[in-house]
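Asker: Residue numbers (our numbering): 68 to 343.
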């Protein structure tokens, strides 16, 4: 028994080291996959060899699975933000800045985060399931045998489609969230249209929108690379595909949230909010 207790810390340490090394290798493979896909995308676009049809099909698929949920999510999100901000501003006697506070919350944080959730939960899961099914059916191995690089043929078009559709999805969420906040503030909280719009224009700038769009593109790239990696590395039949889909959603969304934390800190340091 004493020997077992003595070996327990060593086993725990070994398990932690193995887990850290495995995570490091996984991150390295994901970075390599993203780099290869980006290089293939750039080179094939310049040489006019990019599979445009596949990219358009993937772009339409991403729109079809995320556009309507984005509207359904952004409306209650705008209502929640407007109600909470409006209640707080009324208590402190600053109802004139309700539009600015709600609008900035939606643009800077709400829209990119909602876009990341939808891209990871809807589009990312579908991409991981598609590539995972192809992997366990040995279609990916067959492509390699025929001299077709699956990264160039499958990953690069999905990367291009995601990078193109992510900012459009973010714009939809911004429009619906801010519009819903405006209707709630003016129609239910006794605000005036002029006060809402003037306060929003005083605080929000075009750079805030550009940052939100850039964040959505980055989140989309992270989600699609994670989904493609998990799908291409799926094993053990249908159960492996299910595990790949679950891992793609969880890892992709968590990675996007972590990157958002870093970007938010950098933006607050170098691009602080200014009035006027």
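From the three backbone atoms N, C-alpha and C, an ideal C-beta is built for every residue, glycine too.
Treat the numbers as computed from the prediction; the structure is a model and nothing was measured.
Is the segment 193-207 close to the segment 178-185, with three or more CB pairs under 8 Å?
Answerer: Between the segment 193-207 and the segment 178-185 there are fewer than three C-beta pairs closer than 8 Å, too few to call the two in contact.
Asker: Could you tell me whether the Cβ atoms of residue 311 and residue 301 are closer together than 8 Å?
Answerer: For residue 311 and residue 301, yes; Cβs fall inside 8 Å.
Asker: Under the rule that 16 or more other beta-carbon atoms within 10 Å means buried, what is residue 115, buried or exposed?
Answerer: The C-beta of residue 115 has fewer than 16 other C-beta atoms within 10 Å across all chains shown, which makes the residue exposed.
Asker: Using 10 angstroms around the beta-carbon of residue 239, count the other beta-carbons present and answer buried if the total reaches 16, otherwise exposed.
Answerer: buried
Asker: Pick helix, strand or coil for residue 114, following the three-state DSSP scheme.
Answerer: coil
Asker: Less than 8 Å between the beta carbons of residue 260 and residue 118, yes or no?
Answerer: no
Asker: Residue 303 to residue 283, Cα distance in whole Å?
Answerer: Between residue 303 and residue 283, the C-alpha separation is close to 33 Å.
Asker: I need the boundaries of the alpha helix (DSSP H) containing residue 346, first residue and last residue.
Answerer: Residue 346 lies beyond the stretch modelled for the chain, which goes from 68 to 343, so this question has no answer here.
Asker: Taking the CB atoms as reference points, tell me whether residue 178 and residue 133 lie closer together than 8 Å.
Answerer: no
Asker: Could you round the C-beta distance between residue 229 and residue 290 to whole angstroms and report it? I think they count as a contact, below 8 Å.
Answerer: 7 Å
Asker: Between the segment 97-106 and the segment 199-211, do at least 3 Cβ pairs fall closer than 8 Å?
Answerer: no
Asker: Straight-line CA distance for residue 253 to residue 148?
Answerer: 14 Å
Asker: Starting from the Cα of residue 144, find the closest Cα among 131, 130, 176 and 264 and give me that residue.
Answerer: Between residue 144 and the set 131, 130, 176 and 264, the nearest pair of CA atoms involves 176.
Asker: Assuming contact is defined by CB atoms lying nearer than 8 Å, are residue 320 and residue 172 in contact in what I supplied?
Answerer: no
Asker: How close, in whole Å, do the beta carbons of residue 277 and residue 233 come, if the pair is a contact with beta carbons under 8 Å?
Answerer: Going by Cβ atoms, the distance from residue 277 to residue 233 rounds to 14 Å, so no, they are not a contact pair.
Asker: Whose C-beta lies closer than 7 Å to the C-beta of residue 296 among residues of the same chain, with five residues either side of it excluded?
Answerer: 96, 97 and 100
Asker: Work out the CA separation of residue 315 and residue 325 for me, nearest whole Å.
Answerer: Using only the alpha carbons, I get a separation of about 15 Å.
Asker: In whole angstroms, what separates the C-alpha of residue 237 from that of residue 279?
Answerer: 8 Å
Asker: Thinking C-beta only, is residue 274 closer than 8 Å to residue 338?
Answerer: yes
Asker: Curious, which full-length alpha helix (DSSP H) runs of at least 4 residues does the segment 188-255 contain?
Answerer: 192-203, 206-212 and 223-254
Asker: Under a Cβ-count criterion, where at least 16 other Cβ atoms within 10 Å of its own Cβ denotes burial, should residue 215 be classed as buried or exposed?
Answerer: exposed
Asker: Just to confirm, is the Cβ distance from residue 220 to residue 213 under 8 Å?
Answerer: no
Asker: Let me know if residue 169 comes out buried or exposed under the rule of 16 or more other beta-carbons within 10 Å of its beta-carbon.
Answerer: buried
Asker: Output the distance between the C-alpha atoms of residue 85 and residue 288, rounded to the nearest integer angstrom.
Answerer: Note on geometry: alpha-carbon atoms of residue 85 and residue 288 lie some 28 Å from one another.
Asker: Could you give the C-beta distance for residue 299 and residue 217, rounded to a whole number, given that I count them as a contact under 8 Å?
Answerer: 7 Å
Asker: Determine the closest residue to residue 150 out of 82, 334, 244 and 307, with distance taken between C-alpha atoms.
Answerer: 244
Asker: Out of curiosity, what's the CA-to-CA distance linking residue 138 and residue 90?
Answerer: Near 36 Å, if we compare the C-alpha coordinates of residue 90 and residue 138.
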